[in-house]
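Q:
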Amino acid sequence: MASAQVTGSTVDRVRADGPAERRGRARDWAEIQERMLVPLYQDVYRRLEVGAATSLLGVGCRSGLALLLAQGRGAQVAGVEWDGELRELAAARGLQVAPGGSLARSAHSVPRPAHSLVTVFEQPPTPALVAWSAQRTLPGGLLVLAVRGPAEHCESTAVLEVAHRHAPAEEPVAGTPESLLVAAGLRPSAAGRVVCPFAYAEVDSAVRGLLATGLFDRAEQRAGAALVAKELEESLHPFLRPDGSVRMVDEFRWVAGVRPADATRD
């Protein structure tokens, strides 16, 4: 079993550099973490028959891997992303990704006003975000929301407890994906459950990848980056393999809602 203190590890660098360590988070997402959700993207695209007839908008698309996979199936793709460094990485991949800003301003920076498929894969689906995404969905088109599965179906639950322990949720969960879609005027029409293996070459990569998700940001603000990184590394020990790699398996659930054909845009 690897030690919680490894010379040159993420823990050591966070302790030495403090907030400066955060500057590489976007690249850690693109190079380490993003691929973990590929089974989710592929299941949605297969089930919804994404192809040349699809105009897809990825809301909170991060560095754009999901968009690239849809583009590879022939879809026309665009994205919206709030983080500037992630947008730069998406642009380097040849993708058109608008800045997030306020939702109202974002509406004017998206290449086309509405799309046949809108996905919210990597952003928490709040009522405001779902309502905005519904307005970017063509009448007769689909809006897809994705969420992590039940705690008992996700091995990362114990790891995420590091974040919850230092920064408990300030607001209750907004609702199920189905209820959020209905509240936004859409009719749930398809759903799926997907197993996503979270596999890392070693503990340090796992820590870097997980910190890049943003799920630990509030905990870092409250408890300090060094402590969170140390506890995160320790929480990964049960998932270490004899070769030093780390593997967890999480379930994700997605739900697609149809926007009524007679809907009008605001």
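Just so we're aligned, residue 0 is where the sequence shown starts under numbering that gives the first Met the number 0, counting upward by one.
Beta carbons are placed, not taken as given, at the ideal position from N, Cα and C, and that holds for glycine.
1. Which full runs of the alpha helix (DSSP H) of 4+ residues lie inside the segment 201–263, going along the chain?
2. Going straight from the alpha carbon of PHE197 to that of ALA69, what length do you get?
3. Specify, as a first and last residue, the run of the beta strand (DSSP E) that PRO98 falls within.
4. By DSSP, does SER115 sit in helix, in strand, or in coil?
5. How far does the alpha helix (DSSP H) with GLY83 in it extend, from its first residue to its last?
6. Might you give, ordered along the chain, the residues of its own chain that have their beta carbon closer than 7 Å to the beta carbon of ALA183, omitting 5 neighbours on each side?
7. Quick one: what's got a C-beta closer than 7 Å to ARG61's C-beta in the same chain, skipping five residues either side?
8. If we require 3 or more residues per run, which beta strand (DSSP E) segments fall completely within the segment 130–168?
9. Run the CB neighbour count on ALA150, radius 10 Å, all protein chains shown included, and call it buried at 16 or more, exposed below.
10. Do you know how far the Cα of LEU209 is from the Cα of GLU30?
11. Taking buried to mean at least 16 other C-beta atoms within 10 Å of its own C-beta, is GLY139 buried or exposed?
12. For THR6, which residues from the same chain have a beta carbon less than 8 Å from its beta carbon, with the 5 sequence-adjacent residues on both sides left out?
13. For ASP42 and ARG72, I'd like the C-alpha separation in whole angstroms.
14. Kindly indicate the opening and closing residues of the alpha helix (DSSP H) around GLN122.
15. Just the C-alpha distance for SER115 and HIS236, rounded to the nearest angstrom, thanks.
16. Would you call the CB atoms of VAL161 and VAL227 closer than 9 Å?
17. So what does DSSP say about PRO126, is it helix, strand or coil?
18. Quick check on the burial criterion: 16 or more other C-beta atoms within 10 angstroms. Buried or exposed for GLY243?
19. Alpha carbons only, please: which of SER54, GLY59, GLY50 and ARG45 is nearest the one belonging to THR212?
20. Under 8 Å Cβ to Cβ from GLU201, same chain only, skipping five residues before and after it: list those, please.
21. How should ALA279 be labelled, buried or exposed, when 16 other C-beta atoms within 10 angstroms of its C-beta is the threshold for buried?
22. I think THR125 touches ALA173, with their Cβ atoms under 8 Å apart; what is that distance to the nearest whole Å?
23. Chain C beta carbons: is any one of them nearer than 9 Å to that of HIS114?
A: Taking the definition as stated:
1. 202–210, 216–222 and 224–234
2. Along the sequence shown, read from residue 1 onward, the residue named residue 197 stands at position 198. Along the sequence shown, read from residue 1 onward, the residue named residue 69 stands at position 70. One C-alpha to the other measures close to 22 Å.
3. Numbered from 1 along the sequence shown, position 99 holds the residue referred to as residue 98. PRO98 -> beta strand (DSSP E) spans 96–98.
4. Looking up residue 115 in the sequence shown gives position 116. Three-state DSSP puts SER115 in a strand.
5. In the sequence shown, residue 83 corresponds to position 84, counting from 1. Run containing GLY83: 83–91, per the alpha helix (DSSP H) assignment.
6. As a working note, residue 183 is residue 184 in the sequence shown. For ALA183, where only same-chain residues beyond five positions count, the Cβ hits under 7 Å are VAL129, ALA130 and ALA133.
7. Position 62 of the sequence shown, counted from the first residue, corresponds to residue 61. Hits under 7 Å: TRP28, GLU33, GLU80, LEU85 and GLU121.
8. 136–147
9. Sequence index remark: in the sequence shown, residue 150 carries index 151 (1-based). Per the 10 Å Cβ criterion, exposed.
10. If you number the sequence shown from 1, residue 30 lands on position 31. If you number the sequence shown from 1, residue 209 lands on position 210. Going from the Cα of GLU30 to the Cα of LEU209 covers about 12 Å.
11. In the sequence shown, counting from the first residue as 1, residue 139 sits at position 140. Exposed is the call here.
12. Position 7 of the sequence shown holds residue 6. Because the pLDDT at THR6 is just 38, under 50, the model does not fix this residue reliably, and the value given afterwards should be weighed accordingly. Closer than 8 Å at Cβ, skipping near neighbours: no residue.
13. Numbered from 1 along the sequence shown, position 43 holds the residue referred to as residue 42. Numbered from 1 along the sequence shown, position 73 holds the residue referred to as residue 72. Those two C-alpha atoms are separated by around 13 Å.
14. To locate residue 122, count along the sequence shown from 1; it is residue 123. Per DSSP, GLN122 belongs to no alpha helix (DSSP H) and is neither H nor E.
15. Mapped onto the sequence shown, residue 115 falls at position 116. Mapped onto the sequence shown, residue 236 falls at position 237. So the alpha carbons of these two residues sit roughly 44 Å apart.
16. Sequence index remark: in the sequence shown, residue 161 carries index 162 (1-based). Sequence index remark: in the sequence shown, residue 227 carries index 228 (1-based). The answer is yes: Cβ separation under 9 Å.
17. The residue you call residue 126 lines up with position 127 of the sequence shown. If DSSP states are grouped into helix, strand and coil, PRO126 belongs with the helices.
18. Taking the first residue of the sequence shown as 1, we reach residue 243 at position 244. GLY243 is exposed by the Cβ-count criterion.
19. As a working mapping, residue 212 is identified with position 213 in the sequence shown. Among SER54, GLY59, GLY50 and ARG45, the Cα nearest to that of THR212 is on GLY59.
20. Within the sequence shown, residue 201 is the residue found at index 202, counting from 1. If we look at GLU201 and ignore the five residues flanking it on each side, its Cβ neighbours are ALA1, GLY243, SER244 and VAL245.
21. Nothing can be reported for residue 279: it is not among the residues displayed for the chain, which extend from 0 to 265.
22. By one-based count along the sequence shown, residue 125 stands at place 126. By one-based count along the sequence shown, residue 173 stands at place 174. Indeed they touch by this definition, with Cβ atoms about 6 Å apart.
23. In the structure shown, chain C cannot be found, because there is only a single protein chain.
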